[in-house]
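Input: a single structure, listed below in C-alpha cells.
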Amino acid sequence: MPNNHHIFADGDLRRSEDTLRIDRLDGEPKYLAIENLDSLYLHGQVTFNTRALGLLNEHGVPVHIFGWNDYYRGSYLPKRSHVSGNTVVEQVRTYDDRSRRLGIATDMIAASIHNMRANLRYYNTRGHKFTDVLDELSALKDRAQTESSVESLRGVEALARKAYYGCFDVILRDPFELTRREYNPPSNEANALLSFLNAMTYTTCVSAIRKTALDPTVGFMHEPGERRFTLSLDIADIFKPILADRVMFRLVNRQQLSFDDFESELDGCLLTEVGRATVLDEYEQTLDETVEHPRLSRHVSYKTLVQTDVYSLKKHVLTGEDYHPTERWW
Amino acid sequence: MNENSNDPLEEYITAERDPHAEPIQRITGLMVQYYEVCKRELWFMSRGIDIDRGAANIRRGTHVDETSYRDKRRSFQVNGRIAIDVLDSGDIMEVKVSSKLEEPARLQLLYYLWYLDEILDIEREGVLAYPRERKRERVTLTAENRERIESVLRGVIGTVDRETPPTLEKKPVCEACLYQDLCWM
Numbered sequence: 001m002p003n004n005h006h007i008f009a010d011g012d013l014r015r016s017e018d019t020l021r022i023d024r025l026d027g028e029p030k031y032l033a034i035e036n037l038d039s040l041y042l043h044g045q046v047t048f049n050t051r052a053l054g055l056l057n058e059h060g061v062p063v064h065i066f067g068w069n070d071y072y073r074g075s076y077l078p079k080r081s082h083v084s085g086n087t088v089v090e091q092v093r094t095y096d097d098r099s100r101r102l103g104i105a106t107d108m109i110a111a112s113i114h115n116m117r118a119n120l121r122y123y124n125t126r127g128h129k130f131t132d133v134l135d136e137l138s139a140l141k142d143r144a145q146t147e148s149s150v151e152s153l154r155g156v157e158a159l160a161r162k163a164y165y166g167c168f169d170v171i172l173r174d175p176f177e178l179t180r181r182e183y184n185p186p187s188n189e190a191n192a193l194l195s196f197l198n199a200m201t202y203t204t205c206v207s208a209i210r211k212t213a214l215d216p217t218v219g220f221m222h223e224p225g226e227r228r229f230t231l232s233l234d235i236a237d238i239f240k241p242i243l244a245d246r247v248m249f250r251l252v253n254r255q256q257l258s259f260d261d262f263e264s265e266l267d268g269c270l271l272t273e274v275g276r277a278t279v280l281d282e283y284e285q286t287l288d289e290t291v292e293h294p295r296l297s298r299h300v301s302y303k304t305l306v307q308t309d310v311y312s313l314k315k316h317v318l319t320g321e322d323y324h325p326t327e328r329w330w
Numbered sequence: 001m002n003e004n005s006n007d008p009l010e011e012y013i014t015a016e017r018d019p020h021a022e023p024i025q026r027i028t029g030l031m032v033q034y035y036e037v038c039k040r041e042l043w044f045m046s047r048g049i050d051i052d053r054g055a056a057n058i059r060r061g062t063h064v065d066e067t068s069y070r071d072k073r074r075s076f077q078v079n080g081r082i083a084i085d086v087l088d089s090g091d092i093m094e095v096k097v098s099s100k101l102e103e104p105a106r107l108q109l110l111y112y113l114w115y116l117d118e119i120l121d122i123e124r125e126g127v128l129a130y131p132r133e134r135k136r137e138r139v140t141l142t143a144e145n146r147e148r149i150e151s152v153l154r155g156v157i158g159t160v161d162r163e164t165p166p167t168l169e170k171k172p173v174c175e176a177c178l179y180q181d182l183c184w185m
C-alpha cells in the first residue's frame with residue numbers, strides 16, 4: 001500500500017517531469033515517487049504551484065496542510081476519481097431516514113465505546129484497576145442501543161469519553177497528565193499530544209473517504225452543519241482509541257517523548273518540531289501495522305481497516321446490508 | 001423459446017432492434033462474464049458501485065489487451081452497448097490474460113456473436129485468444145450455444161432487476177476479486 005509522506009521543512013514543492021521535487025531551504029532537494037504516495041502532509045511553510053497540484057491530482061493524492069501550532073488548516077483534495085451521483089443520493093436518503101440514521105450512529109458509538117474499552121482492558125491487566133470504568137462503559141454501550149435520538153446518543157458518547165479520559169492520568173507515565181481534555185488551544189502536554197494525534201486520525205479518515213464516492217460532509221453521528229467534514233469526524237471517533245490514544249500511551253510510557261518535546265506559548269502548549277517528527281514516526285508505523293482479518297482472511301494494515309470501514313458504510317448505504325464499524329478484535 | 005410477451009429477453013431484443021429507443025436495460029459483455037463468475041459482482045457493477053481501478057490485475061488485463069494482435073484487429077463500439085474487436089478475417093476476437101475463467105470468457109464472446117446475429121442480423125464466428133498462453137479457440141453460435149446464451153441473458157436481466165444484491169457466498173474467485181473489501185466488510 002502507498003505511504004503517507006510528511007514534509008516538515010520550509011521550501012518549494014514542484015513537479016519535476018513525472019515526479020514531485022521538494023527544494024528545501026536547508027539541504028538537498030528531495031524527490032518523491034508519486035506512484036507510491038497515499039497522502040502528502042505539509043507541516044512547514046511550503047510554496048507550490050498548480051503544476052504540482054496537477055500531478056497530485058492525476059495520481060489522486062490528497063494534501064493535508066498543518067499550519068503554525070500544528071493546527072490542521074485544511075486539505076487539498078484531488079478531483080474525484082469516483083463520481084457516483086447514485087451513492088450521494090443514497091447517502092443523503094439514509095441520513096434523512098430517521099431510523100436508518102439512528103441505526104448507523106448507534107453502531108458507530110457502540111464501536112467507539114468498544115474500542116475505548118479495549119484500551120482500558122489492556123491496561124487493566126497491567127497493574128491498573130479499571131474494573132469500575134469498564135463496567136460503566138459496558139453499561140453505556142448497552143444504553144446506546146436503546147437511545148431514540150442522535151442527540152441523546154451524543155450525550156451517551158460524551159459520558160463514555162469523559163469516563164474514559166478519566167483513566168488517562170493513571171495510564172500515562174509521570175509527568176504527563178491529562179487532568180481535563182482541553183483544546184483550542186491545548187492547555188498542557190498531554191492535551192497537545194492528543195489534539196495532534198486526533199487531527200492525524202481525522203486526516204486519515206478524510207483520505208479514506210475520498211477513495212469512495214461518499215460525500216465527506218454528510219455524517220450520521222455529527223450534524224452536517226459543523227465546519228468540518230462530518231463523515232470524517234464520525235469515522236475518526238471509531239478509530240481514535242486505536243490510532244491516537246494507543247500511540248499516545250506508547251510514546252509517553254516508553255519515554256519516547258518528554259516535556260522537552262513541547263513548548264508552552266502564551267496560552268497553550270504545543271509540540272516542538274522534533275516532538276512532532278517523533279509522534280508522526282510512531283503514528284505512521286502504527287498505520288502500517290497489520291492484523292489478521294477474520295472476514296477477509298488476509299492480513300490488513302490499520303490504514304486498510306479505516307478504508308474497509310468506509311467501504312462497509314458505503315455498502316450499507318447502497319444495499320441495506322449491515323454496517324460493521326471496526327471493533328478491535330485482536 | 002415460447003412466444004411470451006412477458007419474457008424479459010423478448011422485450012430486450014425488441015428494444016435493442018429499435019436504434020432510436022432508449023435501452024430498457026444495457027447489457028455489456030462484462031456483465032455476461034460477471035453473471036457466470038459471481039452474480040453479486042454483477043449486481044454491484046450494474047449499480048455503478050466503484051472499485052479500485054488502480055488494482056494490479058486490472059492494469060495487467062488492460063496491458064495485455066492493448067498490446068496483443070494490435071495490428072490485426074480493430075475495435076468497434078456497437079450501438080454504444082458492446083465493444084468488439086474484429087479481425088481482418090471478419091472474425092470477432094476476445095483477448096484474455098489467462099484461461100482460468102474460460103467459461104465466462106466464452107459466454108462473453110457468445111453474447112457478442114448473438115448480439116450481432118439477433119439484433120443486427122450479422123453472422124460471425126468468434127476467436128477466443130489467450131496470447132500469454134499461446135492458445136486460441138474457435139467459438140460458433142450453434143443452436144445449442146444460442147439457447148445457453150439466451151438463458152444467461154435472462155439471468156443477467158433478473159439479477160440486475162433485484163432490489164438488493166444476491167447473498168454473500170464464499171467462492172475461490174473471492175481471493176482475487178476487486179469487490180472483496182466491499183463484499184466481506
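So the protein sequences, as listed, match chains A and B.
Just so it is clear: in the first sequence, position 20 is 20 by full-length UniProt numbering, and no numbers are missing.
Just so it is clear: in the second sequence, position 47 is 47 by full-length UniProt numbering, and no numbers are missing.
Note that the Cβ used here is the ideal one computed from N, Cα and C, for glycine as well.
Measuring CB atoms only, is the region 211–222 of chain A touching the region 284–304 of chain A, in the sense that at least three cross pairs come out at less than 8 Å?
Judged by Cβ distances under 8 Å, the region 211–222 of chain A makes no contact with the region 284–304 of chain A, as fewer than three pairs qualify.
Is residue 332(A) close to chain B, meaning its C-beta is less than 8 Å from at least one C-beta of that chain?
Nothing can be reported for residue 332(A): it is not among the residues displayed for chain A, which extend from 1 to 330.
Kindly list, in the order they appear in chain A, the residues whose Cβ is closer than 7 Å to that of W184(B).
For the purposes of this step, residue 184(B) is taken as the residue at position 184 of the second sequence. Here the neighbours are R295 and L296.
With a cut-off of 8 Å, does the C-beta of G158(B) fall near any C-beta of chain A?
Walking along the second sequence from the start, residue 158(B) turns up at place 158. Chain A, which has no Cβ nearer than 8 Å to the Cβ of G158(B), makes this no.
Pairing CB atoms from the region 261–271 of chain A with CB atoms from the region 181–196 of chain A, are three or more of them under 8 Å?
Yes, the region 261–271 of chain A touches the region 181–196 of chain A.
Curious, which full-length alpha helix (DSSP H) runs of at least 4 residues does the region 26–64 of chain A contain?
List check, alpha helix (DSSP H) in window: 50–58.
Can you pull out the residues from the UniProt domain "DUF83" (28–184) of chain B whose beta carbon lies closer than 7 Å to at least one beta carbon of chain A?
Here the close residues are R47, G48, I49, D50, T164, P165, Q180, D181, L182 and W184.
By the three-class DSSP mapping on this structure, what secondary structure does G74(A) have?
Sequence index remark: in the first sequence, residue 74(A) carries index 74 (1-based). Reduced to three states, the DSSP call for G74(A) is strand.
Just to make sure I have the definition right: I need the residues of chain B whose C-beta is within less than 7 Å of the C-beta of L318(A). Which are they?
In the first sequence, counting from the first residue as 1, residue 318(A) sits at position 318. Correct list: R47 and I49.
List, in order along the chain, the chain B residues whose C-beta lies closer than 9 Å to that of T308(A)?
As a first step, residue 308(A) must be located in the first sequence, where it is residue number 308. Going along chain B in sequence order, the residues near T308(A) (Cβ under 9 Å) are D181, L182, W184 and M185.
By the DSSP assignment, the beta strand (DSSP E) with H6(A) in it spans what residues?
In the first sequence, counting from the first residue as 1, residue 6(A) sits at position 6. Here the beta strand (DSSP E) through H6(A) covers N3 to I7.
Counting only runs that start and end within the region 130–158 of chain A, where is the alpha helix (DSSP H) found for 4 or more residues in a row?
Fully enclosed alpha helix (DSSP H) runs of 4 or longer: 131–146.
In chain order, what residues of the same chain lie with their CB nearer than 7 Å to the CB of E103(B), ignoring the 5 residues before and after it?
Translated into positions along the second sequence, residue 103(B) becomes position 103. Around E103(B): E36.
Is F229(A) helix, strand or coil when you go by DSSP?
Here residue 229(A) refers to the residue found at position 229 when the first sequence is read from its first residue. Note: F229(A) maps to coil in three-state DSSP.
Along chain B, in chain order, which residues have C-beta atoms closer than 7 Å to that of S312(A)?
Taking the first residue of the first sequence as 1, we reach residue 312(A) at position 312. Correct list: M185.
Tell me which residues share the same chain as T77(A) and place their Cβ nearer than 7 Å to its Cβ, disregarding the 5 neighbours each side in the sequence.
For the purposes of this step, residue 77(A) is taken as the residue at position 77 of the first sequence. Sequence check: residue 77(A) is Leu here, not Thr. Once the five neighbours on either side are set aside, the close Cβ partners of L77(A) are P62 and R210.
Would you give the residue range spanned by the beta strand (DSSP E) that L101(B) belongs to?
If you number the second sequence from 1, residue 101(B) lands on position 101. Where L101(B) is concerned, there is no enclosing beta strand (DSSP E), given that its DSSP letter is neither H nor E.
In chain B, what lies closer than 7 Å to H324(A) by C-beta?
Mapped onto the first sequence, residue 324(A) falls at position 324. Under the 7 Å cutoff, chain B gives M185.
Starting from C183(B) and walking both ways along the alpha helix (DSSP H), at which residues does that stretch end?
Start at 1 with the first residue of the second sequence, and residue 183(B) comes out as number 183. That run of the alpha helix (DSSP H) goes Q180 to C183.
Output needed for Y183(A): all residues of its chain with C-beta closer than 7 Å, excluding positions within five of it in sequence on either side, in chain order.
For the purposes of this step, residue 183(A) is taken as residue 183 along the first sequence, with counting starting at 1. Hits under 7 Å: N191 and S195.
Just to confirm, is the Cβ distance from I109(A) to E157(A) under 8 Å?
By one-based count along the first sequence, residue 109(A) stands at place 109. By one-based count along the first sequence, residue 157(A) stands at place 157. A contact, by the Cβ cut-off of 8 Å.
Quick check: the region 125–133 of chain A against the region 160–172 of chain A, are at least 3 beta-carbon pairs closer than 8 Å?
Result yes; three or more Cβ-Cβ pairs closer than 8 Å.
So, helix, strand or coil for R14(A), using DSSP?
On the first sequence, position 14 is the one that residue 14(A) refers to. Three-state result, R14(A): strand.
Do the region 42–50 of chain B and the region 152–167 of chain B meet, that is, are 3 or more Cβ pairs less than 8 Å apart?
Yes, they touch.
Quick one: give me the first and last residue of the alpha helix (DSSP H) that L102(A) is part of.
Residue numbering aside, residue 102(A) sits at position 102 when the first sequence is read from its first letter. Its alpha helix (DSSP H) spans residues R98 to N124.
Please work out which residues of its chain come closer than 6 Å, Cβ to Cβ, to R181(A), disregarding the five sequence neighbours upstream and downstream, and give them in chain order.
As a first step, residue 181(A) must be located in the first sequence, where it is residue number 181. Here the set comprises Y165.
With a Cβ-Cβ cutoff of 8 Å, do L102(A) and M116(A) count as a contact?
Sequence index remark: in the first sequence, residue 102(A) carries index 102 (1-based). Sequence index remark: in the first sequence, residue 116(A) carries index 116 (1-based). No. Outside cutoff.
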